[in-house]
Amino acid sequence: MRTLNDIRSSFLSYFAKNGHEVVDSSPLVPRNDPTLMFANSGMVQFKNLFTGVETRDYTRATTAQKCVRAGGKHNDLDNVGYTARHHTFFEMMGNFSFGDYFKEQAIPFAWEMVTKELGINKDKLLVTVYHTDDEAADLWKKVAGLPDERIIRIATNDNFWMMGPTGPCGPCSEIFYDHGDHIWGGPPGSPEEDGDRFVEIWNLVFMQYEQFEDGTRRELEAQSIDTGMGIERVAALLQGTNDNYATDLMRYLIEASANATSTDPDGPGATHHRVIADHLRSTSFLLADGVMPSNDGRGYVLRRIMRRAMRHAHLLGAKDPLMHRLVPALVHQMGAAYPELGRAQPLIEETLKLEETRFKQTLERGLKLLDDEISGLGEGDALPGEAAFKLYDTYGFPLDLTQDALREKNLSVDTEGFDTAMAAQKAQARAAWSGTGEAADLAVWFDVADEQGATDFLGYDTETAEGQIAALVVDGALADKAAKGTDVQIALNQTPFYAESGGQVGDTGVIRTETGVAEVTDTRKSAGVFIHFAKVVEGEISKAQAAMLEVDHTRRTAIRANHSATHLLHEALREALGAHVAQRGSLNAEDRLRFDFSHAKALSPEKITQVERDVNRFIRQNTPVVTRIMTPDDARAIGAQALFGEKYGDEVRVVSMGMADTGKGANGNTYSIELCGGTHVKSTGDIGAFVLLGDSASSAGVRRIEALTGQPAMDYLRAQDMRLNEVALALKSQPVDAPARVKALLDDRKALANEVAQLRRELAMAGGPGQGETTEIRQINGTNFHGQVLSGISGKDLPALIDEHKTRIGSGVVLLIADTGGKAAVAAGVTDDLTGKVSAVDIVRAAVAELGGKGGGGRPDMAQGGGASAENAEAAIKAAETVLEG
């Protein structure tokens, strides 16, 4: 049996031996296309090559691309688990030509791969072509020997691909497999084409034309090829099934789910297992590529997938979190092809367990509400949109989860009503993901890169250098000169200025030419070009001028210290909290550092102390910071930490620091090893000192630490010391004794406050000055009643006084009103023998109404309230008496 792993390997090997560069899958989060939520095809990472904006050192490529379709335009979520072919995660095999070969080679490649390399029976295959593409039809006849009836011409846009309203476009040709007449369905183009008999396994896109705004087209000078073969569908047919979920990989995951829940993989819960198997892949790969669950954008799509899977686990009877227990099965199957999956395994398991634990707290309550709503529906009715929104807003049920639950009962939901309810509560509206806004400026820097090449970075070894101005950009357009007062973006052939990346801020400094000076306020990077954001402060600068480049040394030194400290901090957190800790973001600026990391709860004071102590221990160790260039595989082999979701080239820069018996490094004695392109100190001692300011929540499952290093750390400690000395001076004690002295004073204050409160209560009970007579007890309707106005008593003292008065009168009702400095505090008490006849709540509410207040509440035997003023206290007592009079 050809396994899915065998098919992937065969595909890549075939195209590699036919001159194609094997390119790793890009991360699921597109790096060069702000219009996409997730990578959903193999061509995404090559978009700039197809449009001509970018060039690489190869013209043929082949990939196995990770894809997710679960949000936006491409959304398969609703159908997953119920059909044979829908997935949220899938792999797209592809071969690509960037102006190299065209139809005359693409079609033979595809046919040979399918029929010879994979051994698929050619009698089971048919193809489609765009109805006017005679060239492709003739090639299929020539290469495959297909008769006309198995070359189907399609006139719709299904067989004509367009990148957008304008730009590259061209006809498509698809290869279909016929599973046989025992399965319902018709060939493409027929009324029964949506059936499962004929399945598309490969799509070839011939990028032949360029389309213009007026709808006209012309042939491209460099025609390209983009193909996509769904590996799951091919695996199914090679393994003798038409169901993707019956393939070796999916079956392995389904059986893992069944074993973990002690259920039959093919029994009544079969659909639940299919959903879990699919969603395990998409959630795990998204987490491995740096997406974290949240309430908007990509993170919300991930959370929707997670919660849909968790509901199906609940329906299988899983009492404890399930998904994280299945991750090892997925890593076993796919970890060799996608090593990032194994590297992220602790993070994936921790995040899945945390999300499922949280969601379980509301899942059962939400399902009960849904059942209650469903019980009131008749056949054919739809769940009201307001109810669906309540499930979303209160219980965290995404709409598609509610639809999924209703689908099993042949019911639907009023989606328009849901949308209306969502719009009405704007505070809960999800923000749609959008790009960075820099895409419009991208082309100009690719033009500069094509003309001048990428910028050589010299900043690892120097902070000053000579360079030549390669380009000037003013107001988004290339310029020859920039005069005094002009904001300008400057590209150079080489530079010591570090461009913002990896959490490290861009350098600042000065660029000087013979005719002018520009102050650099930031440095960024695009298309390999370092962009120096600057203002001309003297004279003018011109393209092609030689320039002296000076990085702000003091600022760079502080940034280096913070960046190196971040590496030590990352390792210290992993040591203190566990291997699930992974960097989720950072800021290495000149005045501080910020580090976001995956962890579910706040750090205890003991953990904070441990982390701070460990970082300072390795600073004092003062070991050299070593940087080396190596392959990603070699780096990982010695234990280097990589950022999840990052895509690395053939060579990476590895930064090592600290000595400890960790098993990492060439000799197993390196404390911190990370892949990093930033600038760092020469030795850890150059960091000076590290002060951890605090730990806070950044987002769900992500914590944030802020810290200081070097002189700012020393300044902070000195300021703290000065404040302690000021406190000690005020306390007339030594600084070392100040905490104990403060505690003693607080204890004394608390004791005195208790004494004062007790004296006030005694004064109130004794009827001292301003407290009125306490002995007056009136008989109203056979009930003892005592009402009293007090001063110098706080509202919190009233309940204790009420209890003392109740004890004194034995049976009756007590009302006390305290004048608390302009406002009134009210309390009423009723002895237990009378609570069946009169409620303290009624007494308080009657009194409060006279005092300019509203409401009041409590128990029948004790209630409290407040008023705007105690001025009408006597009227308030009279109102209480009226309640007793009936």
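Numbered by our numbering, the letters in the sequence shown go through residues 2 to 887 in order.
Just so you know, even glycine gets a beta-carbon here, dropped at the ideal spot from N, CA and C.
- In the DSSP annotation of this structure, the continuous segment of the alpha helix (DSSP H) that includes N260 starts and ends at 249-262.
- In the structure shown, N245 adopts helical secondary structure according to DSSP, grouped into three states.
- Secondary structure of P269 (DSSP, three-state): coil.
- If you draw a 10 Å sphere on the C-beta of A848, you find 16 or more other C-beta atoms in it, and that means buried.
- P169 and G477 have their C-alpha atoms roughly 25 Å apart.
- Straight-line measurement puts the Cα of A741 at about 41 Å from the Cα of T808.
- Considering only T632, D687, E652, N782, the residue with the shortest C-alpha distance to M658 is D687.
- DSSP places Q224 in the uninterrupted beta strand (DSSP E) bounded by 218-231.
- Cβ-Cβ distances below 7 Å link H554 to E464 in the same chain, with the five nearest sequence neighbours on each side left out; the list follows chain order.
- Taking the C-beta atoms as reference points, I810 is found no nearer than 8 Å to I781.
- Distance check between K361 and each of V537, I184, G397 places G397 closest, using alpha-carbon atoms only.
- Contact between the region 401-417 and the region 300-315 is present, with at least three C-beta pairs closer than 8 Å.
- Taking 8 Å as the cut-off, the beta carbon of L407 is found closer than this to the beta carbon of L384.
- Rounded to the nearest whole angstrom, the CA to CA distance from G857 to A864 is 7 Å.
- Just measuring C-alpha positions, the residue of M549, D508, L569, A484 sitting nearest V537 is A484.
- In the three-state scheme derived from DSSP, where H, G and I count as helix and E and B as strand, I277 is classed as helix.
- Here V506 is not near N623, since their CB atoms are 8 Å or more apart.
- Spanning the alpha carbons of G241 and W112 requires a straight line of approximately 20 Å.
- S14: not part of any beta strand (DSSP E); member of the alpha helix (DSSP H) spanning 5-17, first to last residue.
- The three-state secondary structure of V81, taken from DSSP, is coil.
- Taken through DSSP and simplified to helix, strand or coil, W162 comes out as strand.
- Around the CB of G788, 16 or more other CB atoms lie within 10 Å, so the residue is classed as buried.
- G196 and K143 have their C-alpha atoms spaced approximately 30 Å apart.
- By the criterion of at least three beta-carbon pairs nearer than 8 Å, the region 573-582 is not in contact with the region 333-344.
- A direct Cα-to-Cα measurement between R761 and S734 gives close to 34 Å.
- CA-CA distance, L13 to S98, rounds to 15 Å.
- Here DSSP, grouped into helix, strand and coil, assigns W203 to strand.
- The residues L29, V69, in chain order, have a CB closer than 6 Å to that of F39 in the same chain once the five nearest residues on each side in sequence are set aside.
- P31 has its alpha-carbon roughly 27 Å from the corresponding atom of V474.
- The three-state secondary structure of A338, taken from DSSP, is coil.
- For E357, DSSP records no beta bridge to any residue.
- Minimum Cα-Cα distance from G171 among the listed residues M715, F207, Q495, D182 corresponds to F207.
- T558 has no beta-bridge partner at all, per DSSP.
- Close CB contacts of T64 within its chain, under the 7 Å cut and outside five residues either way in sequence, are with V24, S26, G43, G95 (chain order).
- At the C-beta level, V814 and T784 come within 8 Å of one another.
- DSSP places K67 inside the beta strand (DSSP E), whose first and last residues are 61-69.
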